[in-house]
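Heads up: the protein sequence lines correspond to chains A and B, in order. Here the working numbering is used: the first residue of the first sequence is 4, the next is one more, and so on. Here the working numbering is used: the first residue of the second sequence is 4, the next is one more, and so on. For every residue, glycine included, the Cβ atom is placed at its ideal position computed from N, Cα and C. Worksheet: one structure, shown below.
2 protein chains.
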Amino acid sequence: MELLKNKIREEGLVLSDAVLKVDSFLNHQVDPDLMKEIGKEFAEKFAAEKVTKILTLESSGISPALMTALELHVSVIFARKRKSLTLNDNVYVANVRSFTKGETNEVTVSKSFINKEDRVLIIDDFLANGQAAEGLIHIIEQAGAALAGVGIVIEKSFQPGGKELRDRGIRVESLARIQALENGKVQFLEEAFQA
Amino acid sequence: MELLKNKIREEGLVLSDAVLKVDSFLNHQVDPDLMKEIGKEFAEKFAAEKVTKILTLESSGISPALMTALELHVSVIFARKRKSLTLNDNVYVANVRSFTKGETNEVTVSKSFINKEDRVLIIDDFLANGQAAEGLIHIIEQAGAALAGVGIVIEKSFQPGGKELRDRGIRVESLARIQALENGKVQFLEEAFQA
């Protein structure tokens, strides 16, 4: 998605060979017009998948997931990283290790919102080692629902998450795939193929 | 906002005289079409306020804030409840006590995203004791920015937050104001006035 890649080129900060900071439009400050285009793009890619629910993980996944949900006119559920006192125990649970935060969270989804009739599309901001996606897939499995696919805003293709999911036959659509973050520069996968 | 009040009547769960659970469309599962209408409503109410940024608090504030931002074509910033390893220390900090979760969080906003030229609109899902709004106002003050107002999806008017903010001359617009949650029923403020 060229609009997204340009935004990453202009505003992305390469903090190390593994960490790209996109706080100015995705992870802290959010550009709503860009999110709307991202939502349209995901909705188009997964149009044939008969999606009934979108599942994401708080907090950075919410914006792209909500905009995709708006296009597909389905509800979005954000898995929570801790149990709230206003959420009862009737929940699906999975463990997710955060690459950037270096911590493991228990993520929960109320059993009320996903059931075996659902076809669930996972949307998330980043795919690196695939821990978040694996946790959300585990929740979909517990619900007996079908996985419609995984939509990712930015995939770090030099980390194994994307390959592992695709090797299992899961449809993964990433709007920007990064091959490397070497020497403070973002190198996209497509550019490498064209070179 | 009648659409919102009907949704609260139909799907809100009164857990106690103080706690209303709206997990099915706002705090866990999100109805994107309702959020879009909420965004339009806030954008209309604050249309004259020359808003340059929207500020909210992760996670439940993000959906209504993003939809308002989309209407006003300004960026939305979500204050974070913990520091991420990819966020540096150049941040504004405030303490926020959560009524429902019974815990105090340090919330942070990067100094890059709000400055003294900004007119900031706060959007949040709930207003009860006003702790979240106070924390966000404290961040806006630190930035030297102007507060354009506070937009709340659901105000619990039987708790003091809304009155305290209005008494200080702050414009607070709540789309649904709840007067009481007694006997498992939601009683809206307007209904009481009309009786």
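Does the beta carbon of residue i sit closer than 8 Å to a beta carbon anywhere in chain D?
i: Ile65/B; result: The structure shown has no chain D; the protein chains it does contain are A and B.
How is the alpha helix (DSSP H) around residue i delimited, first residue to last?
i: Phe129/A; result: Run containing Phe129/A: none in the alpha helix (DSSP H); it sits in the beta strand (DSSP E), 122-130.
i: Lys56/A; result: Where Lys56/A is concerned, there is no enclosing alpha helix (DSSP H), although the beta strand (DSSP E) it sits in stretches over 56-60.
i: Phe49/A; result: Neither: Phe49/A is in no alpha helix (DSSP H) and is coded neither H nor E.
i: Ile143/B; result: 134-146
i: Met70/A; result: 65-75
i: Asp26/A; result: It is not in any alpha helix (DSSP H) - Asp26/A carries neither H nor E in the DSSP assignment.
i: Lys166/A; result: 164-170
Under a three-way DSSP split, which group does residue i fall into?
i: Glu109/B; result: strand
i: Asn98/A; result: strand
i: Lys188/A; result: coil
i: Leu80/B; result: Looking at the sequence provided, one finds Ile at residue 80/B rather than Leu. Three-state result, Ile80/B: strand.
i: Ile117/A; result: coil
i: Ala183/A; result: strand
i: Leu16/B; result: strand
i: Ala198/A; result: Note that Ala198/A scores a pLDDT of 43, beneath 50, so its modelled location is shaky; the value from the coordinates is reported in the next line. In this structure, Ala198/A counts as coil in the three-state DSSP scheme.
i: Ser87/A; result: Bear in mind that the predicted position of Ser87/A carries a pLDDT of just 49, short of 50, making it unreliable; the figure below should be weighed with that in mind. Coil, per DSSP.
i: Leu7/B; result: helix
i: Glu193/B; result: helix
i: Leu178/A; result: strand
Run the proximity test for residue i: is its beta-carbon closer than 7 Å to any non-hydrogen atom belonging to the ligand MG?
i: Ser63/A; result: Because no ligand of any kind appears in the structure shown, any question about the ligand MG cannot be addressed here.
Taking residue i and residue j to be in contact with their CB atoms under 8 Å, please state how far apart those CB atoms are, rounded to whole angstroms.
i: Thr71/A; j: Ile126/A; result: 5 Å
i: Lys84/B; j: Asn118/B; result: Not a contact, Cβ separation roughly 23 Å.
i: Leu139/A; j: Ile173/A; result: About 11 Å separates the two Cβ atoms, so there is no contact after all.
i: Ile65/B; j: Ile65/A; result: 5 Å
i: Glu44/B; j: Leu168/B; result: That belief does not hold up - the Cβ atoms of Glu44/B and Leu168/B are roughly 19 Å apart, past 8 Å.
i: Lys56/A; j: Val153/A; result: That pair is no contact at about 14 Å.
i: Val33/A; j: Leu58/B; result: Contact flag wrong, Cβ pair sits at about 11 Å.
i: Ile181/A; j: Ile157/A; result: 7 Å
i: Ala82/A; j: Leu60/A; result: 5 Å
i: Ala131/B; j: Lys166/B; result: Actually they do not touch by this definition, with Cβ atoms about 12 Å apart.
i: Tyr95/B; j: Ala146/B; result: 6 Å
i: Glu176/B; j: Lys48/B; result: 5 Å
i: Val79/A; j: Pro35/B; result: 6 Å
Mind listing the chain B neighbours of residue i? Cutoff is C-beta to C-beta under 9 Å, in chain order.
i: Glu61/A; result: Glu61, Ser62, Ser63, Ile65
i: Lys43/A; result: Under the 9 Å cutoff, chain B gives no residues; its nearest Cβ is about 12 Å from Lys43/A.
Taking Cβ-Cβ distances shorter than 8 Å, what residues in chain A pair up with residue i?
i: Ile80/B; result: His31, Gln32, Val33
i: Phe49/B; result: By Cβ distance, chain A contributes nothing, its closest Cβ being about 15 Å from Phe49/B, past 8 Å.
List, in chain order, every chain B residue whose beta-carbon is nearer than 8 Å to that of residue i.
i: Ala72/A; result: Val33, Pro35
i: Met38/A; result: Leu69, Leu73
i: Arg83/A; result: His31, Ser62
Over what stretch of residues does the beta strand (DSSP E) that includes residue i continue unbroken?
i: Gly152/B; result: 149-159
Can you pull the chain B neighbours of residue i, defined as C-beta to C-beta under 7 Å?
i: Arg122/A; result: Chain B residues near Arg122/A: none, gap ~16 Å exceeds 7 Å.
What does residue i reach in chain A if we use C-beta pairs closer than 9 Å?
i: Phe116/B; result: Asp26, Ser27, His31, Gln32
Checklist line | Near-chain A residues of the region 131-151 of chain B (beta-carbon distance less than 9 Å), N- to C-terminal order | finding: none
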